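Just below is one structure, and these are the notes that go with it.
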Amino acid sequence: MLNQRLIGEPFARLEDAVRWLTAVQSQDYAGAKWGLAQRIKDTADREIDEQFNNGKILRTHVMRPTWHFVMPADIRWMLKLTAPRVNAVSAHNYRKMDLDEALFKRSNAAIAKALRGGRQLTRDELRASLKRAGIAATGIRLAYLVIRAELDAVICSGALRGKQFTYALLDERVPQCATLKRDEALAELTKRYFTGHGPALLRDYAWWSGLTMADAMAGVEMAGAHLDHETVDGKTYWFGTHQRSAKKKTPLIHLLPNYDEYLIAYKDRSASIDPSINERLRTRNEVLGTHIIVLNGQVIGGWRRTIKKDELTIHASLLVTLSDAESVALRLASERYGRFINSGVVRLDIRIIK
4 MLNQRLIGEP FARLEDAVRW LTAVQSQDYA GAKWGLAQRI KDTADREIDE QFNNGKILRT
64 HVMRPTWHFV MPADIRWMLK LTAPRVNAVS AHNYRKMDLD EALFKRSNAA IAKALRGGRQ
124 LTRDELRASL KRAGIAATGI RLAYLVIRAE LDAVICSGAL RGKQFTYALL DERVPQCATL
184 KRDEALAELT KRYFTGHGPA LLRDYAWWSG LTMADAMAGV EMAGAHLDHE TVDGKTYWFG
244 THQRSAKKKT PLIHLLPNYD EYLIAYKDRS ASIDPSINER LRTRNEVLGT HIIVLNGQVI
304 GGWRRTIKKD ELTIHASLLV TLSDAESVAL RLASERYGRF INSGVVRLDI RIIK
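This is how it looks when you write it as structure tokens:
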């Protein structure tokens, strides 16, 4: 929690948080913003939108085949390092939809032409541009054509248009700059992952990055001077500069989003699950069907929200019974979320799952 900055000194700026975590899974855009906000001092939902619209952070497909927030300064070398693996994972679906390198070359050119000159278009508008170029693009096929343009560093996120996402030319959004050689990029990504997410296992890093275990081992070898490791119960954990946090005298609850880096960044998540509820959690999947409640670093249940006019209700499904102090911590976490989205009244609806 300390290395991920969920406790300790928060970041002063959005960019600092994204750079520290390197890549923040963001297919749930609203949830990813809230996850970042819990690592930043005094920020609001609309402020993150503004910085996203201004290109302070970008959103693209990188590493695993899903969206991540990344920094403009990192996007090119990260794509160069991880895009080949994403393409390899997607190869079966490419073939299934009759997508080959010749077609990707045509679709990339059509998309680039449509966006040239600072235009920012929605996915549906890109579909129309592809159609004019004689390329059939609907449903999943359209998604893969657009994803491939992201992986080939042709496009990245543009500004929001209301609630719709747009795409922009990467070269117009981010000026060309010197990139890293593959070994340099691998060492940098490895160092950053274990510094911002450690202690973690090699297989955690391979899962998070989408790289092979061979790459993970090579990365640790190259970044070794910046990392330390410790073996516990036969498992070797890697981390950056080791910090110890002061023991909290009061309980601390986080209302984390569904794909927060605190859980999604690891293959082995057992240390973050309260052992007393581990078995019940396996059989009560609906508890974590939305977002995640964490007490002192361990998952104890899930949460969702409803908003009516100026009233926010946090619906908490818990697998443990809270003490009075823990109930206060849940109330404080709920009110923090209310401030983030600029809600008025904040209500709690708590359900204990037996």
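Mapping the sequence shown onto the working numbering, position 178 (from 1) lands on 181, and the numbers just tick up by one. C-beta atoms are modelled at their ideal positions from N, C-alpha and C, and glycine is treated no differently. All of these numbers come straight from a predicted model, not from anything done at the bench.
Alpha-carbon spacing of residue i relative to residue j, whole angstroms
i, j, result
"Tyr196", "Ala181", "22 angstroms"
"Val157", "Glu175", "10 angstroms"
"Lys134", "Tyr262", "34 angstroms"
"Gly243", "Met4", "14 angstroms"
"Leu259", "His71", "17 angstroms"
"Ala319", "Asp327", "16 angstroms"
"Gly274", "Thr198", "The sequence shown places Ala at residue 274, not Gly. Computed Cα separation, rounded: 18 angstroms."
"Arg15", "Asp103", "First, the residue type needs correcting, since residue 15 is Ala and not Arg in the sequence shown. Each residue's Cα considered, the two are about 45 angstroms apart."
"Thr141", "Thr239", "46 angstroms"
"Ala226", "Lys311", "50 angstroms"
"Tyr269", "Arg354", "28 angstroms"
"Thr309", "Ile317", "7 angstroms"
"Val177", "Val348", "41 angstroms"
"Ala20", "Arg42", "7 angstroms"
"Ile10", "Lys44", "11 angstroms"
"Arg283", "Leu255", "23 angstroms"
"Gly127", "Pro202", "A quick correction: the sequence has Asp, not Gly, at residue 127. Spanning the two alpha carbons is a distance of roughly 42 angstroms."
"Ser212", "Ser29", "14 angstroms"
"Cys159", "Val73", "10 angstroms"
"Ala76", "Ala228", "24 angstroms"
"Ala115", "Arg185", "26 angstroms"
"Ile365", "Glu153", "Outside the displayed span of the chain (4 to 357) sits residue 365, for which this structure offers no information."
"Tyr147", "Thr253", "48 angstroms"
"Asp231", "Leu204", "12 angstroms"
"Thr46", "Phe343", "7 angstroms"
"Thr125", "Arg98", "26 angstroms"
"Phe55", "Leu163", "8 angstroms"
"Val302", "Asp101", "43 angstroms"
Residue i burial status per 10 Å Cβ neighbour count (16 or more: buried)
i, result
"Glu329", "buried"
"Val27", "buried"
"Val149", "buried"
"Arg40", "The question names Arg, yet the displayed sequence has Ala at residue 40. By the neighbour-count rule (16 or more Cβ atoms within 10 Å), Ala40 is buried."
"Asn345", "exposed"
"Arg8", "buried"
"Gln123", "buried"
"Met216", "exposed"
"Gly222", "buried"
"Arg119", "exposed"
"Lys257", "The sequence given here places His at residue 257; Lys does not occur at that position. It counts as buried."
"Glu233", "exposed"
"Ala105", "exposed"
"Ile78", "buried"
"Ala113", "buried"
"Ser279", "exposed"
"Ile143", "exposed"
"Thr193", "buried"
"Ala139", "exposed"
"Glu224", "exposed"
"Arg151", "buried"
"Glu264", "buried"
"Gly237", "exposed"
"Thr324", "exposed"
"Asn6", "buried"
"Gly341", "buried"
"Gly304", "buried"
Which residues DSSP lists as bridging residue i, in chain order
i, result
"Val297", "His257, Val302"
"Ala198", "The residue you asked about is not Ala; residue 198 is Thr in the sequence shown. Answer is none; Thr198 lacks a bridge partner."
"Gln28", "His71"
"Thr316", "Thr309, Arg350"
"Thr239", "Thr234"
"Leu124", "Tyr170"
"Leu321", "Gly304, Ile355"
"Phe14", "Ile43"
"Leu276", "Here residue 276 turns out to be Ile, not Leu, going by the sequence shown. In DSSP, Ile276 forms a bridge with Val302."
The region 78-85 in contact with the region 175-194 per 3-pair CB rule at 8 angstroms: The way I'd put it, the region 78-85 does touch the region 175-194; three or more beta-carbon pairs between them come closer than 8 angstroms.
Complete beta strand (DSSP E) runs within the region 130-213 (minimum length 3 residues, chain order): 158-160, 170-172
Any 3 or more C-beta pairs closer than 8 angstroms across the region 320-340 and the region 17-35: no
Those runs of the alpha helix (DSSP H) which lie wholly inside the region 28-63 and span at least 4 residues: 32-40, 48-56
Contact between the region 61-75 and the region 152-168 (3+ Cβ pairs under 8 angstroms): yes
Contact between the region 86-98 and the region 42-56 (3+ Cβ pairs under 8 angstroms): Between the region 86-98 and the region 42-56, the count of Cβ pairs shorter than 8 angstroms is below three; the stretches do not touch.
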